[in-house]
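I have placed the structure first, in the form of structure tokens, so that the comments after it can refer back to it.
There are 2 protein chains.
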Amino acid sequence: MSSDETPPETSGIGSTRVAAYLREAILGGDLRPGDRIRQEEVAARLGASRLPVREALRMLESEGLTEHEPHKGARVTSLTQHEVDVIYRMRERLEPLALTESLPLLTDADHEQLEEVQQRIEDNTDLEKFLDLDREFHMLTYSGCSIDPLMSNVTRLWNSTQHYRRSFVALGGRSRMWVVNSEHRLILDAVVRRDADDGERYLGGHIRRTRIELGRHPEVFP
Amino acid sequence: MSSDETPPETSGIGSTRVAAYLREAILGGDLRPGDRIRQEEVAARLGASRLPVREALRMLESEGLTEHEPHKGARVTSLTQHEVDVIYRMRERLEPLALTESLPLLTDADHEQLEEVQQRIEDNTDLEKFLDLDREFHMLTYSGCSIDPLMSNVTRLWNSTQHYRRSFVALGGRSRMWVVNSEHRLILDAVVRRDADDGERYLGGHIRRTRIELGRHPEVFP
DNA sequence: TGACACACGTTTGGATCCAAAATCTAGGCC
DNA sequence: GGCCTAGATTTTGGATCCAAACGTGTGTCA
């Protein structure tokens, strides 16, 4: 008979969907560095089996969001202050390269969209929204760069430091937001002028300053 | 005793072992860029089921050795000439950072080992052996750097370009090997003197020169 | 009372079976 | 004769079941 105890198949839950769910949870701050991720728990919550969860955890690992130890399970990536410092130094060197690769290929439409995102950043007051918009701004400036190894590297660096960036912005307050906006405006101007040298200069300075300010707040680290 | 016939399950065939096998095959040149990797084929060859193979492929993906497309399977990472060029530019920026992090922590024993490896490079005549020794030399200079996100990035960059490096060395011949050795000697000297500035200078130049020479050989790319 | 050892529960790793998607092949139609 | 379509085969994705490893808690012995 109908024997439909279990619905057809929901068209496959998909490890991609599980990965998206966990990625959102980690980047959104629901899962914090060092938190253990139990396969069965996630599987039950999403109504899937453990197998796509395992696949998803591997994907997240390659995105720098989780760490995996044999027979001990997966945890959200946790970093020391020194590690975050080095990651910012990596960003200082890599992202200007991505910008230089991207610059010549950005269209006028991209420039307009960048202008609009930056305006939204300046009008914004919400912390979580700032993290999203800031990421969107920078990624947009790199969107002309089609070199996958470079872009996935950059994404990894952003991913693994997202939590510390949130903590930092949360306590740093909006007092020095004008500095961020000035830097963004200078980067944006260099982008519109397609001036790679200036772009690298201001972008590098932007990341470097953030690294140094972050270094003054050891309290956000374990 | 001597009950080590073999069978004691070896504690499971292990996705780690499968990954090691495939890694060796790719870095050794048995699998070439663009080659498709069929799960069942590998599973059969190693006497395991397909599941650890799937896990292994995810690991390799996070190491930059394979690419994965849903429902289409895994392939050995294949790069265009421009992508390899950018990866070398990434190396020019990242590896000097790794060297600077590593330098202060290297011991006298490390210095002796470096000297010995470099001597083996100069005595060596075999192509495949050179690839291994060259990698060993550079990785040794970075071995004091314990920052995982940085070191796994560097490893990824080496992994994904290994095949093109082999092709390049194969046709470039040993005519300009003296340049490599001079650069290595200068890097080694800077390491022993613990001079990070000079180390970054010569290492950056070493990678840059290789990138430019590689750019003169479009025939190694598809 | 403290420390070591053993056993149990929990969690991850692996094997087999089944479903869905993609590729390949063959046949028909234009 | 070439191209498009439809079915068959191949290959990947997912679910369930079973085995192995880690962590913990308790019990016993010095």
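Keeping their order, the protein sequence lines are chains B and A. Note that the first sequence covers residues 1 to 222 in my numbering. Note that the second sequence covers residues 1001 to 1222 in my numbering. Ideal Cβ placement from N, Cα and C applies to all residues, glycine included. Being a predicted model, the structure only gives us computed values, none of them experimental.
{"Check": "Between the segment 1125-1138 of chain A and the segment 124-140 of chain B, do three or more beta carbon pairs fall short of 8 Å?", "Outcome": "no"}
{"Check": "Does residue 1203(A) have its Cβ less than 7 Å from a Cβ in chain B?", "Outcome": "no"}
{"Check": "Any idea what DSSP makes of residue 1074(A), helix, strand or coil?", "Outcome": "strand"}
{"Check": "Buried or exposed for residue 1181(A), please, with buried defined as at least 16 other CB atoms from any protein chain shown within 10 angstroms of its CB.", "Outcome": "exposed"}
{"Check": "Report the residue ranges of all beta strand (DSSP E) runs contained in full by the segment 1078-1145 of chain A; include only those spanning at least 3 residues, in chain order.", "Outcome": "none"}
{"Check": "Taking 7 Å as the CB-CB limit, is residue 58(B) close to chain A?", "Outcome": "yes"}
{"Check": "Using three-state DSSP, classify residue 206(B) as helix, strand or coil.", "Outcome": "helix"}
{"Check": "Return the CA-CA distance between residue 213(B) and residue 165(B), expressed in angstroms with no decimal places.", "Outcome": "11 Å"}
{"Check": "Going by Cα to Cα distance, which pick from 1044(A), 1193(A), 1217(A), 1077(A) is closest to residue 1023(A)?", "Outcome": "1077(A)"}
{"Check": "So, does the CB of residue 147(B) fall closer than 7 Å to a CB anywhere in chain A?", "Outcome": "yes"}
{"Check": "From residue 1032(A) to residue 1074(A), what does the alpha carbon distance come to, in whole angstroms?", "Outcome": "13 Å"}
{"Check": "Report the option in 1038(A), 1034(A), 1049(A) whose CA atom is closest to the CA atom of residue 1017(A).", "Outcome": "1049(A)"}
{"Check": "Would you give the residue range spanned by the beta strand (DSSP E) that residue 1055(A) belongs to?", "Outcome": "Looking at the DSSP string, residue 1055(A) is not in any beta strand (DSSP E); the run it does join, the alpha helix (DSSP H), is 1050-1062."}
{"Check": "When DSSP builds the beta bridges, which residues end up paired with residue 161(B)?", "Outcome": "According to DSSP, which records beta bridges pairwise, residue 161(B) is partnered with nothing at all."}
{"Check": "Hey, out of 177(B), 220(B), 195(B), 21(B), whose CA is closest to residue 224(B)'s CA?", "Outcome": "The structure shown does not extend to residue 224(B), since chain B spans only 1 to 222, so no value can be given for it."}
{"Check": "With 16 as the cutoff for other CB atoms within 10 Å, does residue 215(B) come out buried or exposed?", "Outcome": "exposed"}
{"Check": "Check whether the Cβ of residue 1051(A) lies closer than 6 Å to any heavy atom of the ligand HEM, and answer yes or no.", "Outcome": "In the structure on display, the ligand HEM does not appear, and there are no ligands present to speak of."}
{"Check": "Does the beta-carbon distance from residue 203(B) to residue 96(B) come in below 7 Å?", "Outcome": "yes"}
{"Check": "Who are the near neighbours of residue 1025(A) in its chain, counting only those whose CB is closer than 8 Å to its CB and skipping five residues on each side?", "Outcome": "1031"}
{"Check": "How would you call residue 1066(A), buried or exposed, if buried means at least 16 neighbouring beta carbons within 10 angstroms?", "Outcome": "buried"}
{"Check": "Looking only at its own chain, which residues have a Cβ that is under 8 Å from the Cβ of residue 151(B), when we skip the five neighbours before and after it?", "Outcome": "98, 142, 145"}
{"Check": "Residue 86(B) CB to nearest chain A CB: under 7 Å?", "Outcome": "yes"}
{"Check": "By how many angstroms is the C-alpha of residue 1207(A) removed from the C-alpha of residue 1011(A)?", "Outcome": "Only weak support is given to the placement of residue 1011(A): the predicted model assigns it a pLDDT of 35, under 50, and the question is left unresolved by the model."}
{"Check": "Grab me the residues of residue 1092(A)'s own chain with a C-beta within less than 6 Å of its C-beta, minus the 5 sequence neighbours each way, in chain order.", "Outcome": "1204, 1207, 1208"}
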